[in-house]
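First comes the structure, then the notes that go with it.
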Amino acid sequence: MKILMLNYEFPPIGGGAANANLCILRQFAGRDDLHVDMLTSAPKPGIVSEKFSENITIHKVGIHKKHLHFWRRAEVIEWLVRAGFQYRMLLRENDYDLAHAFFGFPTGWLCYRKAGK
442 MKILMLNYEF PPIGGGAANA NLCILRQFAG RDDLHVDMLT SAPKPGIVSE KFSENITIHK
502 VGIHKKHLHF WRRAEVIEWL VRAGFQYRML LRENDYDLAH AFFGFPTGWL CYRKAGK
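528 is the number that this note's numbering gives to position 87 of the sequence shown; each next residue is one higher, with no gaps.
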């Protein structure tokens, strides 16, 4: 199964949902039946893809982040715009069975806009 996970918070950014997402990825790591791409944020500009495990790749979309545990409206919008490009690229390059978005906005909004496409 191919899964695309989206969460604009992921350690070191965020709190509860970021840590919950990390715990889920730890459970998925090493499973032969799963391939996971994780789209998230990073505290400094740029796009970085790194392997979490053999079957999990984390795609970090960097923004101009001031505080690791507090989001300003401008930061959310910046991530939404920058992540949108990466999200569309991942959809073009992969045939996912499931998209899992933490939060209704901004991550769920990306999924909603592309639902059924």
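Beta carbons are placed, not taken as given, at the ideal position from N, Cα and C, and that holds for glycine.
Query                                                                                                                   : Result
Candidates Phe543, Arg554, Ser482 and Tyr553: closest to Asp462 by CA position                                          : Reading the sequence as shown, one finds Asn at residue 462 and not Asp. For the residues Phe543, Arg554, Ser482 and Tyr553, the minimum Cα distance to Asn462 belongs to Phe543.
Inter-residue CB distance, Leu521 and Pro486 (contact presumed, cutoff 8 Å)                                             : About 15 Å separates the two Cβ atoms, so there is no contact after all.
Residue closest to Leu480, alpha-carbon to alpha-carbon, out of Ile499, Arg523, His541 and Ile465                       : Ile499
Residues of its chain near Val502, where Cβ-Cβ distance is below 8 Å and the 5 sequence neighbours each way are ignored : Leu480, Thr481, Ser482, Ala483, Ile488, Trp520, Arg523, Ala524 and Gln527
Alpha carbon of Ala515 to alpha carbon of Leu475, nearest angstrom                                                      : 35 Å
Which residues DSSP lists as bridging Ile504, in chain order                                                            : None; Ile504 has no bridge partner.
Local conformation of Ile497 per DSSP, three classes                                                                    : strand
Within-9 Å CB hit, Leu480 to chain C                                                                                    : This model lacks chain C altogether; it includes just one protein chain.
Segment limits, beta strand (DSSP E) that includes Leu480                                                               : His476 to Ala483
heavy atom of the ligand HEM below 8 Å from His541 C-beta                                                               : What this structure holds is no ligand at all, so the ligand HEM is not there to describe.
Nearest-angstrom Cβ-Cβ length linking Gly455 and His510, presumed shorter than 8 Å                                      : 7 Å
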